[in-house]
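Working notes, structure below.
Numbering (the working numbering), first residue to last: 8 to 646.
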């Protein structure tokens, strides 16, 4: 009834002065919140009820809801509000939420964006996605079941992601005769959990999403409850703008240069405020300047604050590019290339420590590798567990090393400056999300030492250039034989060489590694670093490794340096390599005595576009060696 009175007032304002109504609507503040809880706790029903009671269900949608409720609903023909949100056919068939569903609604006081997140443990990654921008969380608890494992899981994730306001909606009270005792027990248990997790602001509200108790108006069925209804609390909870608490930060998204007379830097301010005349610093270069102009689509400003998209003009022509950060000169963020971070793994394929990924933080994208986890977190018990990798939906603490230093703030200080995603370099798929905690001390204390003798001067002394000849192929393809013939030819011509063979290296440098995917990645990572050092020494380095994964071969290419890497695909069909089987390895693998053998039970990713393609069925080892040496002559590495 109260909601209808509010709606009548809004309708009257629309009828009297549409411009005034639009102005009021435009200046309402926005609350982003998510709903989470265990399976079938009533999340979608709750959101559907809010949409319905807020009069945001159009007539045609209401007619469709009535039809769907009769056809696939779970309420015996009555309106099934969950169907307003559960849009996937699989969700309707199973009566559960699978994907994250976002819905918008508005009341007289505030606008809302709500994320309905899945309850199943297997969809933890979806829940993290929904929580990434939320200001508050509504955690539903089925009054019949009390606090469950998923309640702990979602509460931990809420605390990890920095959501400060938690509303515990004790749902389905109608099924427990609106028992005050049950509600009190659940509230006491949750407040104990919240204290353990460091969640300070907790509000517990007894509700029935299906019947509408304490959703919009106070329910006569709970005379013992004197707190706000759910909507009242959502309308009045004070959400402090985190950005205003932190110093000025603006990642540069675009260098705005429409003509020769204007050069500005455009982006979204993610922290603090800035005014004309303020001193700023550009990172990572550290160059300083002063703000001379702040402009927007609507015109110039004297001052801008967090949440505004602006273009900033500086007094000096300093070098600033996309991905750099403009910041408060007196309080800049930390710059580092090694961090400790919480990682939420989102890919079916496990994390491979040492594999190169892309890390995207704001407008900055850099190469990154992850160490084996220091520990994973059992979010059901909050225990720290030993682990070598991360699987789908697992959360762990890892050391991250980036290929160049980047500016950042800890996630708890500034989400935008501390939250990142990890991307597979080959598929561009998002494989993980994370929160930077702090920079490792060694990233601040270890610096690259400039040397007077360069790779070029070493090459001049030797009389030839440096190169990395990377031979890849199946075991038994003939890599080592061909590499040996190439080195013999080059040695006879006075070229300084060194041959790194996979088996030989495993007797020393890599003797501690096995043949799991993770160990193979680390095997190639180490060799890529050694190869770079040898190339810097002016050598022609021959590398004979199966190196089954494209990502690691790409890492080796990047480590070698521009123009020094030659990928040579020694192409031999599996049947032929297996027929040769000089070392008897294929026979062992077929018997099951040798696990993780490339080509049998571990994949080989053939090069897409190698510099040299050797077909060993059509070419002898000596002929292959001639082709490779000729490739070196054509490149100018040797004469």
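Beta carbons are placed, not taken as given, at the ideal position from N, Cα and C, and that holds for glycine.
If you draw a straight line from the alpha carbon of residue i to that of residue j, how long is it in whole angstroms?
i: residue 252; j: residue 335; result: 13 Å
i: residue 595; j: residue 511; result: 20 Å
i: residue 619; j: residue 638; result: 8 Å
i: residue 485; j: residue 580; result: 11 Å
i: residue 327; j: residue 447; result: 26 Å
i: residue 314; j: residue 280; result: 10 Å
i: residue 98; j: residue 47; result: With a pLDDT of 39 at residue 98, under the threshold of 50, the predicted position of this residue should be treated as unreliable, though the coordinate-derived value follows. Cα-Cα distance, rounded: 11 Å.
i: residue 185; j: residue 229; result: 7 Å
i: residue 258; j: residue 140; result: 18 Å
i: residue 43; j: residue 417; result: 26 Å
i: residue 338; j: residue 254; result: 6 Å
i: residue 644; j: residue 549; result: 14 Å
i: residue 606; j: residue 578; result: 13 Å
i: residue 65; j: residue 426; result: Confidence is the limiting factor: at residue 65 the pLDDT is only 49, short of 50, which leaves the residue's position unreliable, though a coordinate-based value still follows. If you take the alpha carbons of residue 65 and residue 426, they lie about 37 Å apart.
i: residue 37; j: residue 536; result: 50 Å
i: residue 198; j: residue 112; result: 30 Å
i: residue 295; j: residue 331; result: 13 Å
i: residue 507; j: residue 387; result: 47 Å
i: residue 525; j: residue 358; result: 8 Å
i: residue 631; j: residue 497; result: 14 Å
i: residue 8; j: residue 368; result: For residue 8, the predicted model reports a pLDDT of 45, less than 50, meaning its position is unreliable; a value from the coordinates is still stated below. Rounded to whole angstroms, residue 8 to residue 368 spans 47 Å at the Cα level.
i: residue 424; j: residue 389; result: 26 Å
i: residue 523; j: residue 604; result: 9 Å
i: residue 289; j: residue 322; result: 13 Å
i: residue 152; j: residue 174; result: 18 Å
i: residue 191; j: residue 167; result: 26 Å
i: residue 10; j: residue 225; result: Bear in mind that the predicted position of residue 10 carries a pLDDT of just 47, short of 50, making it unreliable; the figure below should be weighed with that in mind. Those two C-alpha atoms are separated by around 12 Å.
Are the CB atoms of residue j and residue i within a distance shorter than 8 Å?
i: residue 361; j: residue 528; result: yes
i: residue 144; j: residue 178; result: no
i: residue 277; j: residue 493; result: no
i: residue 216; j: residue 223; result: no
i: residue 383; j: residue 394; result: yes
i: residue 271; j: residue 302; result: yes
i: residue 475; j: residue 538; result: yes
i: residue 572; j: residue 613; result: no
i: residue 156; j: residue 148; result: no
i: residue 415; j: residue 340; result: yes
i: residue 182; j: residue 154; result: no
i: residue 188; j: residue 211; result: no
i: residue 242; j: residue 117; result: yes
i: residue 617; j: residue 574; result: yes
i: residue 329; j: residue 231; result: no
i: residue 309; j: residue 348; result: no
i: residue 503; j: residue 458; result: no
Who are residue i's beta bridge partners in DSSP?
i: residue 477; result: 550 and 574
i: residue 266; result: 269
i: residue 294; result: 289
i: residue 471; result: Looking at the DSSP assignment, residue 471 forms no beta bridge with any residue, so it has no partner.
i: residue 231; result: DSSP lists no partner for residue 231.
i: residue 647; result: Examination of residue 647 is not possible in this model, given that the chain is present from 8 through 646 alone.
i: residue 343; result: 413
i: residue 334; result: 256 and 288
i: residue 507; result: 550
i: residue 306; result: 303
i: residue 119; result: 38 and 112
i: residue 525; result: BP columns for residue 525 are empty, so no partner.
Nearest to residue i by CA position, among the options, is which residue?
i: residue 306; options: 114, 319 and 153; result: 319
i: residue 442; options: 48, 286 and 421; result: 421
i: residue 263; options: 273, 231, 575 and 583; result: 273
i: residue 531; options: 363, 198, 137 and 52; result: 363
i: residue 351; options: 136, 114 and 37; result: 136
i: residue 114; options: 616, 239, 45 and 508; result: 239
i: residue 646; options: 600, 471 and 368; result: 471
i: residue 267; options: 295, 324, 628 and 188; result: 324
i: residue 297; options: 50, 316 and 333; result: 333
i: residue 311; options: 525, 592 and 256; result: 256
i: residue 518; options: 505, 533 and 504; result: 533
i: residue 366; options: 321, 439 and 600; result: 439
i: residue 234; options: 213, 219 and 218; result: 213
i: residue 202; options: 597, 171, 218 and 488; result: 171
For the ligand COA, any of its heavy atoms closer than 7 Å to the Cβ of residue i?
i: residue 515; result: In the structure on display, the ligand COA does not appear, and there are no ligands present to speak of.
Exercise. Is the number of C-beta pairs between the region 334-348 and the region 391-409 that are closer than 8 Å three or more?
Worked result: In short, these stretches touch, since the Cβ pair count reaches three.
Exercise. Does the region 387-401 touch the region 562-571, meaning 3 or more C-beta pairs lie closer than 8 Å?
Worked result: no
Exercise. Counting Cβ pairs closer than 8 Å, one from the region 551-567 and one from the region 362-380, do we hit at least three?
Worked result: yes
Exercise. Is the region 623-641 in contact with the region 480-492, if contact means three or more CB pairs nearer than 8 Å?
Worked result: yes
For this session: Count the C-beta pairs between the region 162-171 and the region 197-209 that are closer than 8 Å, then say yes if the count reaches three, no if not.
Result: yes
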